[in-house]
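A.B. asks: Chains as they are written, first to last, in the UniProt record's numbering: chain S, 1 to 339; chain X, 1 to 339.
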DNA sequence: TTGAAAGCGCTAACAA
DNA sequence: TTGTTAGCGCTTTCAA
């Protein structure tokens, strides 16, 4: 059985209120002597306040909820580590909720999250194309949580927090433009899940670059995967069948799948086909032919999310909702060539 | 403000006890009619029990602590996902604690974890070579938690739970033996952090295989990194300077760093040097020259940990401490060749 | 400077 | 079948 404030009070011959105050970091009206005694005894018994009791009375816990799709993607796990690093230093812990892609489940999840007595929520899950009704339900569920919410996309939540967005459109544009600059005209696009907002944005960038170069958009050259390596692997033969000379892969993982398939089919990169990825995961630079890709400043983003979350929790004055945008960067490596 | 049991009681014209019972899944002594009414009202207001209150009275929460070093390693994040998948289905959430390598911090962390009101702890952090005093301190801290603890190594904790171990020694042996079978005699070893138990075990396996083949052990051929890609990259030139014809890398990440360095120095794998990794992360199979490596059944392990944790939480009869061991497997791919 | 007491939301023993 | 009540461990008025 854990030692409680009561045990300490008894041993020190004071009341529980005094112990509570002595142990509190707030301005104390307790005499130095009593305080020292209390602290000593507390240490002796290795006293730890019971979090459930503390949060029951304070209506705040040291827990921050975080929701995401898949941690196996290095890109997400790096983000996670960065965020954790910031909040853990301040005594907070992340409570994980992993969610498959399905709007219905999200609200269930949120009931669960809401019951968890968290002080803030980090919604790092990809935004999907919701119907208006789904949107409303989700927003209601979020509002009922009554805590600040950080999102990794523009969810349009009406609560306090920040939409941390990345300019995926610009990323898609830069990637495609780079291929065009290298003389490619038939550029395949291995897209991610169709219903993700981030997929649509990258696609818009792709189209923009094409249009700007006077290349007509051909939807046959766009094929949808699910952002996993395996889907890149599976889609390779289709896209090559379309006689493309270059591929814009919407993330690095799928590009790796493409690499693997290319090896299998004896197609060499970049001689026979150029490939551009997206994310710049650490492995991108390991391959024999390092992957040209679009960089995302994950460390910076993670750090910001962590700090902003803490600010939202600890500052009393309300800050409303704001947006913070990050920009893409082309990382030129070996997987693309001029034709 | 969240709806409480009291609000529902008022609206239904019954007492809070009745509401509590009606909403509980246990055998209920509440009339069907009252129960239906209560459930209806609860749903109407989207009632969620306050976890802090529930765990304060039950002395149990729906939280499971998990401790690890680095999530960026695909190997760890896969494990994490598997565990989460099992426990989330049962209504539990994982609370993350990431810890750098430092015994001193571990106990601090544990105070924090202990305050967190968790129902079980999963200690997925690498075991280090502790002094006896450190060991005792850690064990005491763990015991004070008074919850079942799963570990990913043989920590020798005295509490209820399971040591889930992997036969790293055998893995190191198989990897090295494979290289020896291929005719290699000068086999370099790119090891992980020296103070990790798992490093020492792999090293023992390496030595065993060498000895069995009558090759004398040369400590100059062993060099220590930190299990990151970058350390593999940095150590490559040293190990090649020792005129080895093959390298046993203690994990895939470092092997990838070796790949990268090899490319830089114009050394070809496996023509000029054979490489064996360890872990079998998904990327191992993407490279132009796919990595021969040692497989670990991560999915199986993760699933077991999740299920065993739930069993420990939910079963009332005490089960003591047991050990579960998993075995390595050689995955022969393209990065090794006969000489 | 300290203590008594109320109360956070919930559960469970005991009474009715 | 239902209500009353005590209490989980803590914080915070209010009174001494």
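Even glycine gets a Cβ: it sits at the ideal position worked out from N, Cα and C.
1. Fully enclosed by the region 213-262 of chain X, which alpha helix (DSSP H) runs are 4 residues long or longer?
2. Measure the CB-CB distance between residue 161 of chain X and residue 324 of chain X and report whether it falls below 8 Å.
3. Does residue 184 of chain S come within less than 8 Å of chain X when only Cβ atoms are used?
4. So what does residue 331 of chain S bridge to, in DSSP terms?
5. Could you check whether the Cβ of residue 144 of chain S sits closer than 8 Å to any Cβ belonging to chain X?
6. So residue 189 of chain S and residue 235 of chain S are in contact, right, with Cβ under 8 Å, and what is the actual spacing, rounded?
7. Output the boundary residues of the beta strand (DSSP E) element that contains residue 161 of chain X.
8. Return no unless some Cβ of chain S is closer than 8 Å to the Cβ of residue 204 of chain X.
9. Looking at C-alpha atoms only, which residue of X:38, X:286 and X:198 is the closest neighbour of residue 16 of chain X?
10. What is the DSSP secondary structure of residue 337 of chain S, counted as helix, strand or coil?
11. Residue 339 of chain X to residue 185 of chain X, Cα distance in whole Å?
12. Along the region 270-300 of chain X, where does the CB come closer than 9 Å to a CB of chain S? Name the residues.
13. DSSP three-state label for residue 283 of chain X, please.
14. Under the DSSP definition of a beta bridge, which residues are partnered with residue 97 of chain X?
15. At a Cβ cut of 8 Å, what residues of the region 219-236 of chain X count as close to chain S, listed as they run along the chain?
16. Do residue 305 of chain S and residue 83 of chain S come within 8 Å of each other at the CB atom, strictly closer than that value?
17. Using the beta-carbon of each residue, which ones in chain X are nearer than 8 Å to residue 248 of chain S?
18. Just verifying my parser: in three-state terms, what is the DSSP assignment at residue 18 of chain X?
19. Taking the alpha carbon of residue 118 of chain S as the reference point, which residue from X:286, X:261, X:2 and X:106 has its own alpha carbon closest?
20. In chain order, which beta strand (DSSP E) runs of at least 3 residues are fully inside the region 116-143 of chain X?
21. Measure the CB-CB distance between residue 41 of chain X and residue 88 of chain X and report whether it falls below 8 Å.
22. To the nearest whole angstrom, what separates the beta carbons of residue 202 of chain X and residue 270 of chain X, a pair I think is in contact under 8 Å?
23. Assuming the contact rule is C-beta atoms closer than 8 Å, residue 127 of chain S and residue 153 of chain S should be a hit. Round their C-beta distance to whole Å, please.
24. Identify the continuous beta strand (DSSP E) that holds residue 325 of chain X and give its terminal residues.
25. For residue 138 of chain S, does the count of other Cβ atoms within 10 angstroms reach 16, so buried, or fall short, so exposed?
26. Among all the DSSP beta bridges, which residues are the ones paired with residue 190 of chain X?
27. Check whether the region 278-291 of chain S and the region 120-134 of chain S touch, using three or more Cβ-Cβ pairs below 8 Å as the test.
28. Is it the case that the Cβ atoms of residue 281 of chain X and residue 249 of chain X are separated by a distance below 8 Å?
29. Along the region 81-105 of chain S, where does the CB come closer than 8 Å to a CB of chain X? Name the residues.
30. Once the 5 residues before and after residue 96 of chain X are set aside, which same chain residues still bring their CB inside 7 Å of it?
31. Secondary structure at residue 149 of chain S, three-state DSSP: helix, strand or coil?
32. To the nearest angstrom, report how far apart residue 9 of chain X and residue 29 of chain X are at their CA atoms.
33. Where do the ends of the alpha helix (DSSP H) carrying residue 55 of chain S lie?
C.D. replies: Inspection of the coordinates gives the following:
1. Within the region 213-262 of chain X, the runs of alpha helix (DSSP H) that reach at least 4 residues and sit entirely inside it are, in chain order, 229-241.
2. For the purposes of this step, residue 161 of chain X is identified with residue 161 of the second chain, where counting begins at 1. For the purposes of this step, residue 324 of chain X is identified with residue 324 of the second chain, where counting begins at 1. With respect to residue 324 of chain X, residue 161 of chain X sits apart: the two C-beta atoms are not nearer than 8 Å.
3. As a position in the first chain, residue 184 of chain S is number 184, starting the count at 1. False, the Cβ-Cβ gap to chain X never drops below 8 Å.
4. Counting from one through the first chain, the residue named residue 331 of chain S turns up at place 331. Note: residue 331 of chain S sits in a beta bridge opposite S:293.
5. Start at 1 with the first residue of the first chain, and residue 144 of chain S comes out as number 144. At a cut-off of 8 Å, the C-beta of residue 144 of chain S has a neighbouring C-beta in chain X.
6. As a working note, residue 189 of chain S is residue 189 in the first chain. As a working note, residue 235 of chain S is residue 235 in the first chain. Contact between residue 189 of chain S and residue 235 of chain S does not hold, since their C-beta atoms are separated by about 10 Å, which reaches or exceeds 8 Å.
7. Along the second chain, one-based indexing puts residue 161 of chain X at 161. Residue 161 of chain X -> beta strand (DSSP E) spans 161-166.
8. As a working note, residue 204 of chain X is residue 204 in the second chain. Cβ-Cβ to chain S under 8 Å: no for residue 204 of chain X.
9. Here residue 16 of chain X refers to the residue found at position 16 of the second chain. The shortest C-alpha separation from residue 16 of chain X is found at X:38.
10. Within the first chain, numbered from 1, the residue matching residue 337 of chain S stands at position 337. Secondary structure at residue 337 of chain S: coil, using DSSP grouped into helix, strand and coil.
11. The sequence position of residue 339 of chain X within the second chain is 339, counting from 1. The sequence position of residue 185 of chain X within the second chain is 185, counting from 1. Cα-Cα distance, rounded: 10 Å.
12. Those residues of the region 270-300 of chain X that come within reach of chain S (Cβ to Cβ, closer than 9 Å) are 282, 283, 285, 286, 287, 288, 289 and 290.
13. The residue labelled residue 283 of chain X in the question sits at position 283 within the second chain. DSSP places residue 283 of chain X in helix when its eight states are reduced to three.
14. Walking along the second chain from the start, residue 97 of chain X turns up at place 97. Answer is X:67, bridged to residue 97 of chain X.
15. Along the region 219-236 of chain X, going in chain order, the ones with a CB nearer than 8 Å to a CB of chain S are 229.
16. Residue 83 of chain S sits at position 83 when you count from the first residue of the first chain. Residue 305 of chain S sits at position 305 when you count from the first residue of the first chain. At the C-beta level, residue 83 of chain S and residue 305 of chain S come within 8 Å of one another.
17. Here residue 248 of chain S corresponds to residue number 248 of the first chain, with the count starting at 1. Going along chain X, no residue has its Cβ under 8 Å from residue 248 of chain S, so there is no contact; the nearest lies around 19 Å.
18. As a working mapping, residue 18 of chain X is identified with position 18 in the second chain. Assignment of residue 18 of chain X by DSSP, reduced to helix, strand and coil, places it in the helix class.
19. The residue you call residue 118 of chain S lines up with position 118 of the first chain. Comparing Cα-Cα distances from residue 118 of chain S to each of X:286, X:261, X:2 and X:106, the minimum goes to X:2.
20. Runs of beta strand (DSSP E) with 3 or more residues, each lying fully within the region 116-143 of chain X, are found at 120-123, listed in chain order.
21. Here the question's residue 41 of chain X lines up with position 41 in the second chain. Here the question's residue 88 of chain X lines up with position 88 in the second chain. Going by C-beta atoms, residue 41 of chain X is not nearer than 8 Å to residue 88 of chain X.
22. As a working note, residue 202 of chain X is residue 202 in the second chain. As a working note, residue 270 of chain X is residue 270 in the second chain. The beta-carbon distance between residue 202 of chain X and residue 270 of chain X, rounded to whole angstroms, is 21 Å. This is too long to meet the 8 Å contact definition.
23. Position 127 of the first chain, counted from the first residue, corresponds to residue 127 of chain S. Position 153 of the first chain, counted from the first residue, corresponds to residue 153 of chain S. With 8 Å as the limit, residue 127 of chain S and residue 153 of chain S qualify as a contact, their Cβ atoms being about 4 Å apart.
24. Along the second chain, read from residue 1 onward, the residue named residue 325 of chain X stands at position 325. Element bounds for residue 325 of chain X: 321-326.
25. Against the first chain, residue 138 of chain S aligns to sequence position 138. Flag for residue 138 of chain S reads buried.
26. Numbered from its first residue, the second chain carries residue 190 of chain X at position 190. Checking the DSSP bridge columns, you'll see residue 190 of chain X partnered with X:223 and X:249.
27. When C-beta atoms of the region 278-291 of chain S are compared with those of the region 120-134 of chain S, fewer than three pairs fall below 8 Å, so the two segments do not count as touching.
28. Residue 281 of chain X sits at position 281 when you count from the first residue of the second chain. Residue 249 of chain X sits at position 249 when you count from the first residue of the second chain. Pairing residue 281 of chain X with residue 249 of chain X gives a Cβ-Cβ distance that is not under 8 Å.
29. Cβ contacts with chain X come from 81, 84, 85, 88, 91, 93, 94, 95, 96, 97 and 98.
30. Walking along the second chain from the start, residue 96 of chain X turns up at place 96. Once the five neighbours on either side are set aside, the close Cβ partners of residue 96 of chain X are 66.
31. Mapped onto the first chain, residue 149 of chain S falls at position 149. Three-state DSSP puts residue 149 of chain S in a strand.
32. As a working note, residue 9 of chain X is residue 9 in the second chain. As a working note, residue 29 of chain X is residue 29 in the second chain. Note on geometry: alpha-carbon atoms of residue 9 of chain X and residue 29 of chain X lie some 17 Å from one another.
33. On the first chain, residue 55 of chain S is found 55 positions in, with the first residue counted as 1. 51-58 is the span of the alpha helix (DSSP H), which, as asked, contains residue 55 of chain S.
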